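First the structure, in the form of C-alpha cells, and then the observations on it.
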Amino acid sequence: MRLAFFQRDADVLYRLVPFVSCVAATILSVVPLRVPGLAGAAPACALMAIYHWTIYRPDLLSPSAVFVIGLALDLLDGTSYVGVSPLIFLIARGLVLMARPRLVNQAFPLIWAGFLVLTGIAMALEWLFVGVLVGVALDPRPFLFHALATVAVFPVASYVLAQLQRGFLARV
Amino acid sequence: MRRFSKVGIVRERSDSALRINASSRAVAQRLAVPFLVIVSLLLIVLGKADLLLLERVRIGAADAVAPLLTMLAAPAASVTAGIRHVEGLFDLYDENQRLSEDNARLLQWQTVARRLAIENVQLRDLTRYRPRGASFSIAAQIIANSGGAFARNVLVDAGSQKGVVRGQAGMTGEGLVGRVAEVGERTARILLLSDLNSRVPVVVGAARRRAVLAGDNSLEPLLLFLPGDAGVRIGDRIVTGGAEGVFPPDLPVGVVASINGDTIRVAPYAQLARLDFVRIVDLGMSAFLPEAVLPEPKAAPGAKSGANPFLR
Numbered sequence: 014m015r016l017a018f019f020q021r022d023a024d025v026l027y028r029l030v031p032f033v034s035c036v037a038a039t040i041l042s043v044v045p046l047r048v049p050g051l052a053g054a055a056p057a058c059a060l061m062a063i064y065h066w067t068i069y070r071p072d073l074l075s076p077s078a079v080f081v082i083g084l085a086l087d088l089l090d091g092t093s094y095v096g097v098s099p100l101i102f103l104i105a106r107g108l109v110l111m112a113r114p115r116l117v118n119q120a121f122p123l124i125w126a127g128f129l130v131l132t133g134i135a136m137a138l139e140w141l142f143v144g145v146l147v148g149v150a151l152d153p154r155p156f157l158f159h160a161l162a163t164v165a166v167f168p169v170a171s172y173v174l175a176q177l178q179r180g181f182l183a184r185v
Numbered sequence: 290m291r292r293f294s295k296v297g298i299v300r301e302r303s304d305s306a307l308r309i310n311a312s313s314r315a316v317a318q319r320l321a322v323p324f325l326v327i328v329s330l331l332l333i334v335l336g337k338a339d340l341l342l343l344e345r346v347r348i349g350a351a352d353a354v355a356p357l358l359t360m361l362a363a364p365a366a367s368v369t370a371g372i373r374h375v376e377g378l379f380d381l382y383d384e385n386q387r388l389s390e391d392n393a394r395l396l397q398w399q400t401v402a403r404r405l406a407i408e409n410v411q412l413r414d415l416t417r418y419r420p421r422g423a424s425f426s427i428a429a430q431i432i433a434n435s436g437g438a439f440a441r442n443v444l445v446d447a448g449s450q451k452g453v454v455r456g457q458a459g460m461t462g463e464g465l466v467g468r469v470a471e472v473g474e475r476t477a478r479i480l481l482l483s484d485l486n487s488r489v490p491v492v493v494g495a496a497r498r499r500a501v502l503a504g505d506n507s508l509e510p511l512l513l514f515l516p517g518d519a520g521v522r523i524g525d526r527i528v529t530g531g532a533e534g535v536f537p538p539d540l541p542v543g544v545v546a547s548i549n550g551d552t553i554r555v556a557p558y559a560q561l562a563r564l565d566f567v568r569i570v571d572l573g574m575s576a577f578l579p580e581a582v583l584p585e586p587k588a589a590p591g592a593k594s595g596a597n598p599f600l601r
C-alpha cells in the first residue's frame, strides 16, 4: 500500500520530466559556452525539447508549459521583445501536433527532417516578428546561422531526451 | 452496512465531480492556446511600450537564477578554455609570427608614447590643467549571454550591491563592449555594441567628429548621423563621446572597417563574440558634480561608510 503511494508520488514527479528538461534546455542556451565557429549562434535548445516532447508525449507538455518556457527564454535572453518566443513556441507546438501522426514511430532521419522544417519556420517567424517590431528588414544571416546550429545539434539533444524518456517515462 | 453505503455515495460524488472536471478541463485546454497567444501578443505590445515594469521583471528573473548561472559558468568556462587551448595549438606558429610583428610595432609606439607623455606633462604645467575626477571600475564575470539570433547582450555577476549603475560602460582590455542597460541586485545586463537597440555616442578620428554608433545585429555596428562630407576614412579611430550620464568619454571603441556609400561600419576592438570578463567603468563624476546629482552606488559590504570603495 505504502509502496504504491510512493509510486504514485514518483509518477507525478516523472510527469514533470518534459517540462523540467525544457527549462534546463532554456537555461543551457544562455550559458556562455563559446564554441569556435558558433559565435553568436547558440543552438535553440528549448525548441528541440519542445519538438521532442510534443511528438512523443504531448500529454505531458501543455500549452501553458510551452508558454512559460518561451517566457523564461525571453526573460533570460534579455530581449526587448518579450512575448515573441512564447508566441513562436505555441505556433511550433500547434504545427508539430498537426504533423504528429506522420512523425511518431518514424525513423530518426525523418524526425530530423521534420525538425529542419520546424526550425526554418520558427526562425522565419522570429525574423519577421522582430523585423516588424524594430521597423526595419533585418539581416537574415544571423537567423540562418542560428537555425543551422540548431539543426546540427539536434541529434545530440534528441539522444539525450530519448534517454530521459526511456529512463523516467517508460511506465508513466 | 451503513459505512459501505457512505463510501458508495462518496465514490459516486467524486466520479461525477471527476467527469465535470474532465469536461471543463477539455474546454480549458481548447481555450488555453488562443488565450496564451493573446497574452503573448499583449506582452509584445507592453514591451514595445517600453514599460519599466518589464525591465524590472527581466532583471529580477536574472537575479533569481544568478546563483545557478554562476555555478554553470565555471564548468562552461573550463570547457571554453579547453576548446581554445586545442584551437591555439593549431595556430601557434601564426600567432607567434603575428605577436613578433605586433611587438616590433608596439616598441615604436612606446617611444612615441614616452615622448608624448613628457610633452603632455610639460603642457599641463604650462596651462595648469587639472585632470578629470577618478573613475571607478569593477571586474565582473559573464554568467550568461543571449543565445538567440537577435538579442546581443551579456549578463554579469555584479549588480547594484557592487555599485553598478545603469548607463556605465562595459569594457575589456581592448575596448568598449557596450553599456549597462539593466541593473539588478546581483546581476547587471550589458547591451553589446552589436545589439539592435544599442546606440552609443562616439567621436570619430583625429578631427573628433560626433556620431552615433548603432548596432544592427552584426558584429560590425553602423556609424550614423555623420554629415556627408565628413571625410571619414577606413582605419579612423573611434572613441566614446560620453555626451550623457555616467558614460565616460574617450574610451577606445574600434576603427572604421568599411565605407559603402552612406553605410559606414566599425570593427570594435573588443571581440564581442568571445567575452569572458568585463570591466564596468564609470566617469567618476564625483569630482565635478554636486553630490545630489550623482547616481549613488550602494557601498559594498565591509566598505568604509561614506567613501566610494571603487574610487581609485
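Line by line, the protein sequences give chains Z and H.
Going by our numbering, the first sequence opens with residue 14, and the numbers climb by one from there.
Going by our numbering, the second sequence opens with residue 290, and the numbers climb by one from there.
Glycine included, C-beta positions come from ideal geometry on N, C-alpha and C.
Treat the numbers as computed from the prediction; the structure is a model and nothing was measured.
* Could you check the C-alpha separation between Z/Arg28 and H/Ser367 for me, to the nearest Å? => 34 angstroms
* Closest residue to H/Asp530 among H/Gln397, H/Pro541, H/Val410 (Cα-Cα distance) -> The amino acid occupying residue 530 of chain H in the given sequence is Gly; Asp does not appear at that position. Nearest of H/Gln397, H/Pro541, H/Val410 to H/Gly530, Cα basis: H/Pro541.
* Put H/Gly459 into one of helix, strand or coil per three-state DSSP. => strand
* Under 9 angstroms between the Cβ atoms of H/Val489 and H/Arg468? -> yes
* To do: From the DSSP output, in three-state form, read off H/Val521 for me.
  => coil
* **Continuous beta strand (DSSP E) stretch holding H/Ser547: start and end** => 541-549
* Asked: Which residues of chain Z have a Cβ atom closer than 8 angstroms to the Cβ of H/Arg497, listed in chain order?
  -> Going along chain Z, no residue has its Cβ under 8 angstroms from H/Arg497, so there is no contact; the nearest lies around 29 angstroms.
* Asked: Considering only C-alpha positions, which residue in the set Z/Leu60, Z/Arg70, Z/Val79, Z/Gly91 is nearest to H/Glu344?
  -> Z/Gly91
* Excluding five sequence neighbours on each side, which residues of the same chain lie with their C-beta closer than 6 angstroms to the C-beta of Z/Pro56? -> Ala162, Thr163, Val166
* Could you give the residue range of the beta strand (DSSP E) that holds H/Glu471? -> 465-472
* Asked: What in chain Z is Cβ-close to H/Leu340, meaning under 7 angstroms?
  -> Within chain Z, no residue comes near H/Leu340; the closest Cβ sits about 10 angstroms away, beyond 7 angstroms.
* Spatial distance of H/Gln411 from H/Val544 (CA atoms) -> 30 angstroms
* Residues that H/Ala256 contacts on chain Z, provided the C-beta gap is smaller than 9 angstroms -> Limits of chain H in this structure are 290 at one end and 601 at the other, which puts residue 256 of chain H out of reach.
* Just how far apart, CA to CA, sit H/Ala440 and Z/His159? -> 12 angstroms
* Just checking, does the stretch 101-113 of chain Z make contact with the stretch 58-75 of chain Z on the three C-beta pairs under 8 angstroms criterion? -> yes
* To do: Apply the 10 Å Cβ neighbour rule to H/Glu384 and answer buried if 16 or more other Cβ atoms are within range, or exposed otherwise.
  => exposed
* chain H contact for Z/Met136 (CB, 9 angstroms cutoff) -> yes
* Asked: In this structure, does DSSP put H/Thr552 in helix, strand or coil?
  -> strand
* Which runs of the alpha helix (DSSP H) fall wholly inside the stretch 71-141 of chain Z and span at least 4 residues, in chain order? -> 76-90, 97-116
* **Residue from H/Pro537, H/Ala447, H/Ala365 whose Cα sits closest to the Cα of H/Ala351** => H/Ala447
* Asked: For H/Ala393, which residues does DSSP report across the bridge?
  -> None; H/Ala393 has no bridge partner.
* To do: Ignoring anything shorter than 4 residues or poking outside the stretch 328-406 of chain H, list the alpha helix (DSSP H) runs there in chain order.
  => 341-379
* Asked: Rounded to a whole number of angstroms, what is the C-alpha to C-alpha distance between H/Asp484 and H/Leu511?
  -> 11 angstroms
* Is there at least one Cβ from chain H nearer than 9 angstroms to Z/Ser42's Cβ? -> yes
* Asked: Are the C-beta of H/Asp383 and some C-beta of chain Z separated by less than 9 angstroms?
  -> no
* Asked: Taking Cβ positions only, does Z/Gly187 come closer than 9 angstroms to chain H?
  -> Residue 187 of chain Z lies beyond the stretch modelled for chain Z, which goes from 14 to 185, so this question has no answer here.
* Asked: For H/Asp391, which residues from the same chain have a beta carbon less than 7 angstroms from its beta carbon, with the 5 sequence-adjacent residues on both sides left out?
  -> none
* Quick one: does Z/Ser77 have its CB under 9 angstroms from some CB of chain H? -> yes
* Neighbourhood of Z/Leu74 by C-beta distance below 8 angstroms, restricted to the same chain and skipping five residues each side -> Pro31, Phe32, Cys35, Ile63, Trp66, Thr67, Arg106
* Asked: Looking at the structure shown, is H/Ser507 part of a helix, part of a strand, or coil, going by DSSP?
  -> coil
* Do H/Val567 and H/Val445 come within 9 angstroms of each other at the CB atom, strictly closer than that value? -> yes
* Verify whether the separation of the beta carbon atoms of H/Ala559 and H/Val453 is less than 9 angstroms. => no
* Identify the continuous alpha helix (DSSP H) that holds Z/Ala37 and give its terminal residues. => 30-41
* Asked: What residue range is occupied by the uninterrupted alpha helix (DSSP H) comprising Z/Phe181?
  -> 154-181
* **Helix, strand or coil at H/Thr529 [DSSP, three-state]** => strand
* Which chain Z residues are close to H/Gly371, counting only those with a beta carbon under 8 angstroms from its beta carbon? -> Correct list: empty, because the minimum Cβ distance to chain Z is about 11 angstroms.
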